[in-house]
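Colleague: Just passing along the structure, written as structure tokens.
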Amino acid sequence: GQQVMQIPQYQHVQEGEDFTTYCNSSTTLSNIQWYKQRPGGHPVFLIQLVKSGEVKKQKRLTFQFGEAKKNSSLHITATQTTDVGTYFCAGPKLTGSARQLTFGSGTQLTVLP
Amino acid sequence: DARVTQTPRHKVTEMGQEVTMRCQPILGHNTVFWYRQTMMQGLELLAYFRNRAPLDDSGMPKDRFSAEMPDATLATLKIQPSEPRDSAVYFCASGLVPILAGGLSSTDTQYFGPGTRLTVL
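This is the structure we're talking about:
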């Protein structure tokens, strides 16, 4: 079945350093989404990428979708303590008539002041 | 600002007791998902409804878990009897997907509720 792998599982950075998390799917994705979950919170939708090779930016966050639409990355420039949390990628999975998301295992980011 | 609401936010119960968790999806959304999150397993999909009909509950232990949508504004997840290994955070999420699923879609986004933190002693 479809699998979405995410690396690294954990990342500790000093405030001001950059951070990148990578997502790889075993199958081609029609789109990929990124979510952020703050400690004690719930996953919150960040962005969706649809096109091959697409790059989107949100302030210090840069999201990329691979040319083959099987991998994606999230890069944060100059991390801040507010970036702390777990970042999940998710890809749609079609099972019969059911359309659902397969979530990666997440990358837990810790930013040291 | 439309949000998914879940009740209760916290539940502590003893093994063997029945637990019912409730979710109110965002008005107008036609899909509801129940997830369980633990440190060890991450986010696991338990059940999925579209237009109130259950489409996928393969991730749910059938002997003790049940999920229903009695109406479009309420989804429930019930555990009976509860066990300590059920301790986790249970999230409900809602979304809006096209009736004819398949092909490219930009409407897979899911909006999560705040979760119910369940502790079974």
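Protein sequences, first through last, are from chains A and B.
Just so it is clear: in the first sequence, position 108 is 113 by the working numbering, and no numbers are missing.
Just so it is clear: in the second sequence, position 20 is 69 by the working numbering, and no numbers are missing.
Where a beta carbon is used, it is the ideal one built from N, C-alpha and C, also for glycine.
Since A114 of chain A and D88 of chain A should fall inside the 8 Å C-beta cutoff, what is the C-beta to C-beta distance between them, to a whole number of angstroms?
Modeller: According to the sequence provided, residue 114 of chain A is Leu. The question's Ala does not apply to it. Indeed, because the Cβ distance is near 6 Å, the residues count as touching under 8 Å.
Colleague: Between S31 of chain A and chain B, is any beta-carbon pair separated by less than 7 Å?
Modeller: no
Colleague: What does DSSP give as the partner residues of M10 of chain A in its beta bridges?
Modeller: In DSSP, M10 of chain A forms a bridge with A:N29.
Colleague: Under 7 Å, Cβ to Cβ, is there at least one residue of chain E near S77 of chain A?
Modeller: Among the chains of the structure shown, chain E does not appear; the protein chains present are A and B.
Colleague: Quick one, which residues of the region 89-121 of chain B are near chain A if we go by CB-CB under 8 Å, in chain order?
Modeller: G91, L92, L94, Y97, R99, L104, D105
Colleague: Relative to the C-alpha of N29 of chain A, which residue among A:E20, A:P13, A:Q19, A:D23 is closest?
Modeller: A:P13
Colleague: Output, in chain order, the set of chain A residues within a Cβ distance shorter than 7 Å of G164 of chain B.
Modeller: H47
Colleague: What did DSSP end up calling P133 of chain B once you bin it into helix, strand or coil?
Modeller: helix
Colleague: Take every Cβ of the region 74-89 of chain B, pair it with every Cβ of the region 134-146 of chain B, and state whether three or more of those distances are shorter than 8 Å.
Modeller: yes
Colleague: Tell me, to the nearest whole angstrom, how far the beta carbon of F82 of chain B is from that of Q159 of chain B; I am working on the premise that it is less than 8 Å.
Modeller: About 6 Å separates the two Cβ atoms, so the contact holds.
Colleague: When the Cα of K111 of chain B is compared with those of B:P74, B:K127, B:M64, B:A121, which residue comes out closest?
Modeller: B:K127
Colleague: Quickly, what does DSSP pair M70 of chain B with across the bridge? List them, please.
Modeller: DSSP, once it has assigned bridges, lists B:L126 as partnering M70 of chain B.
Colleague: Can you pull the chain B neighbours of G111 of chain A, defined as C-beta to C-beta under 7 Å?
Modeller: In chain order: G91.
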